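Asks: Numbering (UniProt numbering), first residue to last: 1 to 270.
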């Protein structure tokens, strides 16, 4: 209940949207600040007594939202940068609320963002570029298999790749365009020409929609070491073993190829 947006709380037939999620992020950010400064989790639109932790009454929230009570800026006293973000996140009118992408672009959010430094460190090693070039040599089926294994790789093997993807994704929409991939490599002075980048992009774009999803990026960049992860291999095996009999048959492979084909057609049609 404490995370519900005003338009959700006061509407008998609410619709969950991206803006309701943004409001919930605002409540969480307020909690982080008040936990550090006040030692308690405070709801942004209630006074300190009524809005403490999860001990929030339905009627208090209803009155606050019904009367369009603005969020309490005093809760972020001493943190003007955070208060400026919350002004936009906790707007009562969802039309005036910022987007998740706007939040990520705020200076305060980007100061300690590890994505840029992580991507630089990873690209300096040269293994990412090697993995990408190797990926282009695989057949379509081999790429799908690697993608399945990569989906179940442990976080320790994907953290740097995830942060590098974030650093390349300048629009924060969860996808990489060709221009973003080119710009990302250029920013880090990676020795690869544009034609090679385009070849790599086309190889990564498994569903041929001119965009690279994080899953596609992960499959292309994680490298052969992912095949050393027993847990990831077991998960991939179970995914392919449609009959759950401990054996992958030709029919299992054909069935999975059909599912991939249906998925790609569906994705292409939006």
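Every residue gets a Cβ at the ideal spot worked out from N, C-alpha and C, and that includes glycine.
Only a predicted model underlies this, so the values are computations on that prediction, with no experimental measurement involved.
Give the range of the alpha helix (DSSP H) segment to which residue 198 is assigned.
Replies: For the purposes of this step, residue 198 is taken as the residue at position 198 of the chain shown. Note, residue 198: alpha helix (DSSP H), 194-204.
Asks: Could you check the C-alpha separation between residue 65 and residue 48 for me, to the nearest Å?
Replies: Taking the chain shown and counting its residues from 1, the one referred to as residue 65 is at position 65. Taking the chain shown and counting its residues from 1, the one referred to as residue 48 is at position 48. Each residue's Cα considered, the two are about 16 angstroms apart.
Asks: Could you pull the start and end residues of the alpha helix (DSSP H) that residue 279 belongs to?
Replies: Within the shown structure, residues of the chain are numbered from 1 to 270, placing residue 279 beyond reach of any answer.
Asks: By alpha-carbon positions, which one of 142, 214, 138 and 191 ends up nearest to residue 162?
Replies: If you number the chain shown from 1, residue 162 lands on position 162. Nearest of 142, 214, 138 and 191 to residue 162, Cα basis: 214.
Asks: Compare the Cα-Cα distances from residue 149 to each of 222, 60, 175 and 88 and report the closest residue.
Replies: Walking along the chain shown from the start, residue 149 turns up at place 149. Comparing Cα positions, the closest option is 222.
Asks: I'd like to know if the stretch 192-208 and the stretch 87-103 are in contact, where contact means that at least 3 CB-CB pairs between them fall below 8 angstroms.
Replies: No, the stretch 192-208 is not in contact with the stretch 87-103.
Asks: Taking the C-alpha atoms as reference points, what is the distance between residue 137 and residue 245?
Replies: Residue 137 sits at position 137 when you count from the first residue of the chain shown. Residue 245 sits at position 245 when you count from the first residue of the chain shown. So the two alpha carbons sit approximately 32 angstroms from each other.
Asks: In chain order, which continuous runs of the alpha helix (DSSP H) of length 4 or greater are located wholly inside the UniProt domain "Protein kinase" (1-109)?
Replies: Counting only runs of 4 or more, we get 6-9, 18-37, 58-66, 80-89 and 100-105.
Asks: Between the beta-carbon of residue 33 and the beta-carbon of residue 79, is there less than 8 angstroms?
Replies: For the purposes of this step, residue 33 is taken as residue 33 along the chain shown, with counting starting at 1. For the purposes of this step, residue 79 is taken as residue 79 along the chain shown, with counting starting at 1. It is a contact, given that the beta carbons lie within the stated cut-off.
Asks: Candidates 41, 1 and 37: which alpha carbon is nearest residue 57's?
Replies: Your numbering for residue 57 matches position 57 in the chain shown. For residue 57, the nearest C-alpha among the options comes from 1.
Asks: Label residue 156 either buried or exposed according to how many other C-beta atoms from any shown protein chain fall within 10 Å of its C-beta, with 16 as the threshold for buried.
Replies: Translated into positions along the chain shown, residue 156 becomes position 156. Per the 10 Å Cβ criterion, exposed.
Asks: Quick check: the Cα distance between residue 23 and residue 89, rounded to an integer number of angstroms?
Replies: Counting from 1 along the chain shown, the entry for residue 23 is found at position 23. Counting from 1 along the chain shown, the entry for residue 89 is found at position 89. The alpha-carbon atoms of residue 23 and residue 89 are separated by roughly 6 angstroms.
Asks: Give me the residue from 76, 130 and 220 with the minimum Cα distance to residue 42.
Replies: For the purposes of this step, residue 42 is taken as the residue at position 42 of the chain shown. Of 76, 130 and 220, the residue nearest in Cα terms is 76.
Asks: For the alpha helix (DSSP H) containing residue 182, name the first residue and the last one.
Replies: Within the chain shown, the letter at position 182 stands for residue 182. Counting along the chain, the alpha helix (DSSP H) containing residue 182 begins and ends at 178-187.
Asks: On the DSSP bridge assignment, give the partners of residue 175 in chain order.
Replies: Residue mapping note: residue 175 aligns to position 175 of the chain shown, counting from 1. Its beta-bridge partners are 213.
Asks: Exposed or buried, what is residue 36 when buried is set at 16 or more other beta-carbons lying within 10 Å of its beta-carbon?
Replies: Counted from its first residue, the chain shown places residue 36 at position 36. Answer is exposed; the Cβ neighbour count stays below 16.
Asks: What three-state label does DSSP hand residue 170 in the structure shown?
Replies: One-based indexing of the chain shown puts residue 170 at position 170. Three-state result, residue 170: coil.
Asks: Pick helix, strand or coil for residue 222, following the three-state DSSP scheme.
Replies: Counting from one through the chain shown, the residue named residue 222 turns up at place 222. Residue state, collapsed to three classes: coil.
Asks: In the structure shown, what three-state DSSP assignment does residue 155 receive?
Replies: As a working mapping, residue 155 is identified with position 155 in the chain shown. Helix.
Asks: Do residue 60 and residue 40 count as a contact pair if the criterion is CB distance below 8 angstroms?
Replies: In the chain shown, counting from the first residue as 1, residue 40 sits at position 40. In the chain shown, counting from the first residue as 1, residue 60 sits at position 60. Not a contact, by the Cβ cut-off of 8 angstroms.
Asks: Would residue 271 and residue 132 qualify as a contact pair, given that the criterion is a beta-carbon distance under 8 angstroms?
Replies: Nothing about residue 271 can be read from this structure; the chain reaches only from 1 to 270.
Asks: Since I believe residue 69 is in contact with residue 29 (beta carbons under 8 angstroms), could you give me their beta-carbon distance rounded to a whole number of angstroms?
Replies: For the purposes of this step, residue 29 is taken as residue 29 along the chain shown, with counting starting at 1. For the purposes of this step, residue 69 is taken as residue 69 along the chain shown, with counting starting at 1. Their Cβ separation, rounded to whole angstroms, is 18 angstroms, which puts residue 29 and residue 69 out of contact at 8 angstroms.
Asks: Tell me whether residue 51 is buried or exposed, calling it buried when 16 or more other Cβ atoms sit within 10 Å of its Cβ.
Replies: Within the chain shown, numbered from 1, the residue matching residue 51 stands at position 51. Buried is the call here.
Asks: Sorted by chain position, which residues of the same chain lie with C-beta nearer than 8 angstroms to residue 258's C-beta, five sequence neighbours on each side aside?
Replies: Taking the first residue of the chain shown as 1, we reach residue 258 at position 258. Residue confidence is low: residue 258 scores 45 on pLDDT, short of 50, so the model does not pin down where it sits. Its coordinate-derived value is still stated next. Once the five neighbours on either side are set aside, residue 258 has no close Cβ partner at all.
Asks: Report back the beta-carbon spacing between residue 299 and residue 176 to the nearest angstrom; my notes put them in contact at under 8 angstroms.
Replies: Outside the displayed span of the chain (1 to 270) sits residue 299, for which this structure offers no information.
Asks: State the DSSP-derived secondary structure class of residue 190, mapped to helix, strand or coil.
Replies: On the chain shown, residue 190 is found 190 positions in, with the first residue counted as 1. Correct three-state label for residue 190: coil.
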